[in-house]
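A.B. asks: The opening position of the sequence shown corresponds to residue 17 in my numbering, with each subsequent residue numbered one higher. The C-beta atom is built at its ideal place from N, Cα and C for all residues, glycine as well. Shown below is the structure under consideration.
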Amino acid sequence: MASTTPIQFGGLISGLDTSSIVEKLMEVEKEPLKRLEERINLLKWKKEALLEVNRSLLSLYNAVTNLNFSVTFTSRTVKSTNESVVTGRATNYASPGSYDIEVQKLAYGERLSGSYFSDPSAPIGGGSGSGSYTFYVNDIAVTVSDSYSLNEVKDAINAVSGQTNVIAYIIGGRLVLENRGTGSSATISLVDSADVSGGTDSSEVLESLGILTDSKGKANLLQEAQDALVKVNGVLITSSSNTISGAIPEVTLYLKGTGSARLSVEYDVDKAVSAIKSFVEKYNEAVDLMNKYLKERVVVDPKTDEEKKQGILREETSLRILYYKLRDEITRKVPGIPGLEIANQVGLSTGSWSLGSEAIEQAKRGHLEFDEDKFRSVMGEDPLKVYRFFAAQGRNMNVENLTEYIVGRPLALWHFDERVGSTSYDHSGNGITAQLVGANRVLVDGNYALSFNGVSDYVSIASNPLLNLSDSITLEAWIKPANIGGLQTILVKGSDGETNYGLRLRDSELEFFYVDTGGLEHVYRTAFASIVSGSWFHVAVSFTFGRGDSIAFRVNNSSVSGSWVVGDGSGSPSTNSHSLNIGSANNYSEKNPFNGIIDEVAIYDSVLSTSELAQRYSALRRTVYYLPSAPISMEQSPQVKVNGSPYSLVVGLPSVGEMNIDYATGKVILGNAPLPGSNVSASYVGDAQNKDYWGIASRLKEILYNYTRWGGIILSVAGTGGTIDRQLNLLEKEKVEMEARLAEKESFLWQRFSLLEEALSKLQTQSNWLASYLAVLTGSK
Numbered sequence: 017m018a019s020t021t022p023i024q025f026g027g028l029i030s031g032l033d034t035s036s037i038v039e040k041l042m043e044v045e046k047e048p049l050k051r052l053e054e055r056i057n058l059l060k061w062k063k064e065a066l067l068e069v070n071r072s073l074l075s076l077y078n079a080v081t082n083l084n085f086s087v088t089f090t091s092r093t094v095k096s097t098n099e100s101v102v103t104g105r106a107t108n109y110a111s112p113g114s115y116d117i118e119v120q121k122l123a124y125g126e127r128l129s130g131s132y133f134s135d136p137s138a139p140i141g142g143g144s145g146s147g148s149y150t151f152y153v154n155d156i157a158v159t160v161s162d163s164y165s166l167n168e169v170k171d172a173i174n175a176v177s178g179q180t181n182v183i184a185y186i187i188g189g190r191l192v193l194e195n196r197g198t199g200s201s202a203t204i205s206l207v208d209s210a211d212v213s214g215g216t217d218s219s220e221v222l223e224s225l226g227i228l229t230d231s232k233g234k235a236n237l238l239q240e241a242q243d244a245l246v247k248v249n250g251v252l253i254t255s256s257s258n259t260i261s262g263a264i265p266e267v268t269l270y271l272k273g274t275g276s277a278r279l280s281v282e283y284d285v286d287k288a289v290s291a292i293k294s295f296v297e298k299y300n301e302a303v304d305l306m307n308k309y310l311k312e313r314v315v316v317d318p319k320t321d322e323e324k325k326q327g328i329l330r331e332e333t334s335l336r337i338l339y340y341k342l343r344d345e346i347t348r349k350v351p352g353i354p355g356l357e358i359a360n361q362v363g364l365s366t367g368s369w370s371l372g373s374e375a376i377e378q379a380k381r382g383h384l385e386f387d388e389d390k391f392r393s394v395m396g397e398d399p400l401k402v403y404r405f406f407a408a409q410g411r412n413m414n415v416e417n418l419t420e421y422i423v424g425r426p427l428a429l430w431h432f433d434e435r436v437g438s439t440s441y442d443h444s445g446n447g448i449t450a451q452l453v454g455a456n457r458v459l460v461d462g463n464y465a466l467s468f469n470g471v472s473d474y475v476s477i478a479s480n481p482l483l484n485l486s487d488s489i490t491l492e493a494w495i496k497p498a499n500i501g502g503l504q505t506i507l508v509k510g511s512d513g514e515t516n517y518g519l520r521l522r523d524s525e526l527e528f529f530y531v532d533t534g535g536l537e538h539v540y541r542t543a544f545a546s547i548v549s550g551s552w553f554h555v556a557v558s559f560t561f562g563r564g565d566s567i568a569f570r571v572n573n574s575s576v577s578g579s580w581v582v583g584d585g586s587g588s589p590s591t592n593s594h595s596l597n598i599g600s601a602n603n604y605s606e607k608n609p610f611n612g613i614i615d616e617v618a619i620y621d622s623v624l625s626t627s628e629l630a631q632r633y634s635a636l637r638r639t640v641y642y643l644p645s646a647p648i649s650m651e652q653s654p655q656v657k658v659n660g661s662p663y664s665l666v667v668g669l670p671s672v673g674e675m676n677i678d679y680a681t682g683k684v685i686l687g688n689a690p691l692p693g694s695n696v697s698a699s700y701v702g703d704a705q706n707k708d709y710w711g712i713a714s715r716l717k718e719i720l721y722n723y724t725r726w727g728g729i730i731l732s733v734a735g736t737g738g739t740i741d742r743q744l745n746l747l748e749k750e751k752v753e754m755e756a757r758l759a760e761k762e763s764f765l766w767q768r769f770s771l772l773e774e775a776l777s778k779l780q781t782q783s784n785w786l787a788s789y790l791a792v793l794t795g796s797k
């Protein structure tokens with residue numbers, strides 16, 4: 017009988033490529049997922065592009081904000097024809113003018129020297145070293161061993177220099193004594209350790225060193241103590257200091273040497289020019305970026321991610337609207353300011369169409385050009401008018417916020433209310449800006465402040481001569497500690513061994529500290545400040561350097577006692593070129609960072625009275641708005657609104673929510689200043705909200721704020737599915753659900769193929785049995 021072949025199924029059991037089959041089937045199923053992922057990527061790229069635009073607009077916003085500050089246009093500068101004789105500093109209240117200065121004498125402290133010694137470390141005293149001698153410097157006892165050397169005497173005198181204000185140093189083998197103060201009262205009184213007539217005995221320390229004569233007179237007077245003598249426009253002025261305030265109103269003179277010079281108080285046009293240049297630069301960068309995205313062509317059949325990104329914002333509606341809004345605001349008129357109505361009159365233009373292809377191209381792109389010469393010319397005529405052109409917020413600037421008057425007129429004042437960016441502006445009028453390093457702005461109790469993490473956050477203020485204080489000082493701040501314990505820096509100027517001044521928390525107490533010119537530290541600590549975590553405290557300290565008993569602390573408008581725990585406050589401070597830091601002693605080896613919130617930091621070069629500090633505590637700051645043409649009449653009805661709510665007009669000193677008008681001087685005084693970030697309008701009734709009369713910078717600032725703020729227009733670009741973030745959230749959720757369904761589908765296919773393999777295996781077994789059985793029947797076995 018012929019043999020038979022068992023039934024075969026083409027290798028389905030062992031040779032079937034199940035993985036490839038499932039993979040190909042799933043490729044078809046995953047096509048919707050790929051399309052969904054492409055949509056997600058496109059939205060992410062769109063968001064990245066919008067964030068880039070937003071960052072550029074924020075930079076422009078900061079530049080525009082600077083144009084809304086009167087200090088940008090009205091700061092004064094003092095120029096000297098001979099800076100080796102005199103220099104000066106003017107506040108923003110100083111009247112421009114020229115002054116003839118003749119410095120006849122500089123103020124000096126007394127200085128004297130002793131005899132020559134070849135080896136400053138060699139013993140001079142005749143004793144064995146087991147005894148001691150005591151002499152007196154400015155009535156303070158100084159003790160040395162009976163085998164004293166020149167170095168030992170020097171060190172002993174310097175050890176009490178905080179009390180005597182006298183320092184000792186060695187030059188050319190001679191001991192020199194110098195009173196660190198200046199003026200006719202900065203003398204040095206000396207009483208020797210003994211008085212042996214007719215000769216010099218080693219027990220007479222000062223006579224042995226050649227400081228005193230045998231008759232106890234001063235042997236070698238190098239410089240007498242004397243007052244400064246200076247003529248200002250022919251008027252003779254005597255001063256105990258080489259720093260003179262009050263000779264010229266709102267101007268401080270710094271005497272450097274004898275001779276003549278001419279001082280000119282002028283508007284700081286360079287500062288305004290710098291601000292305009294920064295604005296033009298940031299404006300052009302922003303319009304270039306918007307132009308790039310609006311005009312970028314979409315790539316047909318893109319292959320790479322970069323090609324897919326091209327044209328992602330092409331003709332984006334909100335971006336196009338903003339682009340033309342910015343261009344329109346630059347060219348719109350600002351009515352109500354005679355002689356200044358359009359940007360071209362202050363040197364700003366959108367380019368020329370007749371100066372070649374590059375100029376035409378820039379004009380097409382909406383580039384701004386700045387004619388510095390024209391701007392300087394207009395500023396030279398009337399800086400206030402230029403300021404109004406940029407910052408006006410009502411018809412004819414009926415009430416101008418030209419000057420924010422702060423009690424005591426600080427050297428620096430930071431409200432920390434900018435909301436965006438890493439720069440915080442100085443509201444004192446001196447333009448001392450602060451840079452945020454990690455510190456975050458927070459809205460707390462209706463007010464913007466700075467939050468510090470207690471680790472690495474701080475604020476840095478670059479070295480500025482105005483912040484070098486050596487006479488009087490007042491420091492104040494609002495603090496809200498997150499915890500209490502150890503040292504926490506509120507503010508400090510200096511570095512290790514060179515502290516001009518500082519204010520810090522030590523547990524629940526406050527400390528004021530500084531290092532004097534002799535290298536000695538002085539620390540005053542309160543006894544009952546009772547600072548606790550989680551609550552606001554207004555802390556203030558005032559002090560006249562060198563007078564330890566003059567220090568005064570106030571916490572929440574109450575006097576707080578304390579004591580000098582290191583030194584006694586009698587030494588003069590070591591001024592330095594180091595930066596001022598808030599929230600951390602960043603220049604020091606021990607940084608002692610602050611953990612919590614700090615706001616309203618102010619520094620004064622004077623001692624504020626109790627009533628002035630009380631006013632600062634109760635109102636934060638009292639603002640005076642100056643009217644452009646004083647006096648005004650009762651019929652004109654000026655009005656000030658904050659966030660839409662008007663101040664009530666009262667007679668006498670205004671309280672919170674009230675204002676008073678001095679019709680003789682043209683001042684509008686607010687009982688309480690608006691909180692940082694408030695919308696303040698000032699005008700005659702009905703004019704404040706008429707934005708047709710707003711200045712260029714005021715209009716641009718509002719537009720940019722609406723586009724760039726959190727939740728603003730740029731980051732809320734909407735499609736058919738809502739904002740980008742909402743669309744992304746929905747699509748990501750849909751993706752997760754789709755991936756779950758596909759995984760379920762793939763699992764189902766694998767289960768089906770497994771069942772098929774199992775069924776085929778059974779068929780193969782049956783086939784083999786059937787083949788064997790047929791072989792038996794046919795006798796082929």
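1. Between which two residues does the beta strand (DSSP E) carrying Ser161 extend?
2. By the DSSP assignment, the alpha helix (DSSP H) with Asp321 in it spans what residues?
3. Checking 7 Å against the spacing of the C-beta atoms, do Gly534 and Ile227 come in under that value?
4. By DSSP, does Ser373 sit in helix, in strand, or in coil?
5. Leaving out five residues on either side along the sequence, give the residues of the same chain with a beta carbon under 6 Å from the beta carbon of Leu744.
6. Taking Val94 as the reference, give the member of Thr268, Ser219, Glu54 with the closest Cα.
7. Start and end of the alpha helix (DSSP H) containing Ala79?
8. Just verifying my parser: in three-state terms, what is the DSSP assignment at Tyr723?
9. Provide the residue span of the alpha helix (DSSP H) that contains Ser783, from first to last.
10. Along the chain, where does the alpha helix (DSSP H) that runs through Asn300 open and close?
11. Count the other C-beta atoms from every protein chain shown that fall within 10 angstroms of the C-beta of Ile37, then say buried if there are 16 or more, exposed otherwise.
12. Quick check for students: name the residue ranges of the alpha helix (DSSP H) that lie wholly in the segment 154 to 203, counting only runs of 4 or more.
13. Tell me the DSSP secondary structure of Tyr620 in three-state form.
14. Please list, in chain order, all residues of the same chain as Lys46 whose beta carbon is under 7 Å from its beta carbon, the five residues on each side excluded.
15. Can you tell me which of the three DSSP states Asp33 falls into?
16. Beta-carbon within less than 6 Å of Ser75's beta-carbon, same chain only, minus the 5 sequence neighbours each way: which residues are those?
17. Since Lys121 and Thr259 are thought to touch, with beta carbons under 8 Å apart, how far apart are those beta carbons, to the nearest angstrom?
18. Tell me which same chain residues have a C-beta within less than 7 Å of the C-beta of Met395, skipping the five on either side of it?
19. Whole angstroms are fine: how far does the CA of Glu194 sit from the CA of Ile187?
20. Assuming Ala123 and Ser257 make a contact with CB atoms under 8 Å, what is their CB distance in whole Å?
21. Below 8 Å, how does it come out for the segment 158 to 170 and the segment 198 to 206: are there three or more Cβ pairs, yes or no?
22. Opposite His538 in the DSSP bridges: which residues?
23. Look at the Cβ atom of Glu301, then the Cβ atom of Ser72, and state whether they are nearer than 7 Å.
24. Just to confirm, is the Cβ distance from Phe386 to Ala79 under 7 Å?
25. Quick check on this structure: which residue in Ser763, Val539, Ser444 has the alpha carbon closest to the alpha carbon of Val520?
26. What is the residue span of the beta strand (DSSP E) that Lys509 lies within?
27. Between which residues of its own chain and Glu357 is the CB-CB distance below 8 Å, once the five residues before and five after are set aside?
28. With distances taken Cα to Cα, identify the nearest neighbour of Asn602 among Asp389, Leu452, Ser788.
29. Cα separation between Thr419 and Leu427?
30. In chain order, what residues of the same chain lie with their CB nearer than 8 Å to the CB of Trp761, ignoring the 5 residues before and after it?
31. Can at least three beta-carbon pairs, one atom from the segment 767 to 775 and one from the segment 63 to 70, be found at a separation below 8 Å?
32. Express the C-alpha separation of Ala235 and Asn573 in angstroms, rounding to a whole number.
33. Given 8 Å as the limit, is there contact between the segment 471 to 479 and the segment 588 to 598, that is, 3 or more CB pairs closer than that?
34. Tell me whether the segment 478 to 488 and the segment 615 to 624 touch, counting them as touching only if at least three CB pairs, one residue from each stretch, are closer than 8 Å.
35. Thinking Ile500 and Ser549 are a contact (beta carbons under 8 Å), I'd like their distance in whole angstroms, please.
36. Below 6 Å CB to CB, which residues in the same chain sit around Ala407 once its five sequence neighbours on both sides are set aside?
C.D. replies: Reading off the structure:
1. 156 to 161
2. 321 to 325
3. no
4. Model confidence at Ser373 stands at a pLDDT of 47, short of 50, so the residue's coordinates are unreliable; what they give is reported in the following sentence. Reduced to three states, the DSSP call for Ser373 is helix.
5. Leu59
6. Thr268
7. 47 to 83
8. helix
9. 740 to 794
10. 285 to 311
11. exposed
12. 166 to 175, 177 to 180
13. strand
14. Leu758
15. coil
16. Lys298
17. No, Lys121 and Thr259 are not in contact; Cβ-Cβ is about 15 Å, not under 8 Å.
18. Tyr283, Val285, Ala288, Val402
19. 12 Å
20. 6 Å
21. no
22. Tyr530
23. yes
24. no
25. Looking at the sequence itself, residue 520 is Arg, so the reference to Val does not match. Closest by alpha carbon: Val539.
26. 503 to 511
27. Lys349, Val350, Pro351
28. Leu452
29. For Thr419, the predicted structure reports a pLDDT of 35, less than 50, and the residue's modelled location is therefore unreliable. The matter cannot be settled from this model.
30. Checking the displayed sequence, the identity of residue 761 turns out to be Lys instead of Trp. Counting only Cβ-Cβ distances below 8 Å, and skipping sequence neighbours, we find Met42, Glu45.
31. no
32. 53 Å
33. yes
34. yes
35. 5 Å
36. Asn84, Gly711, Ala713, Ser714
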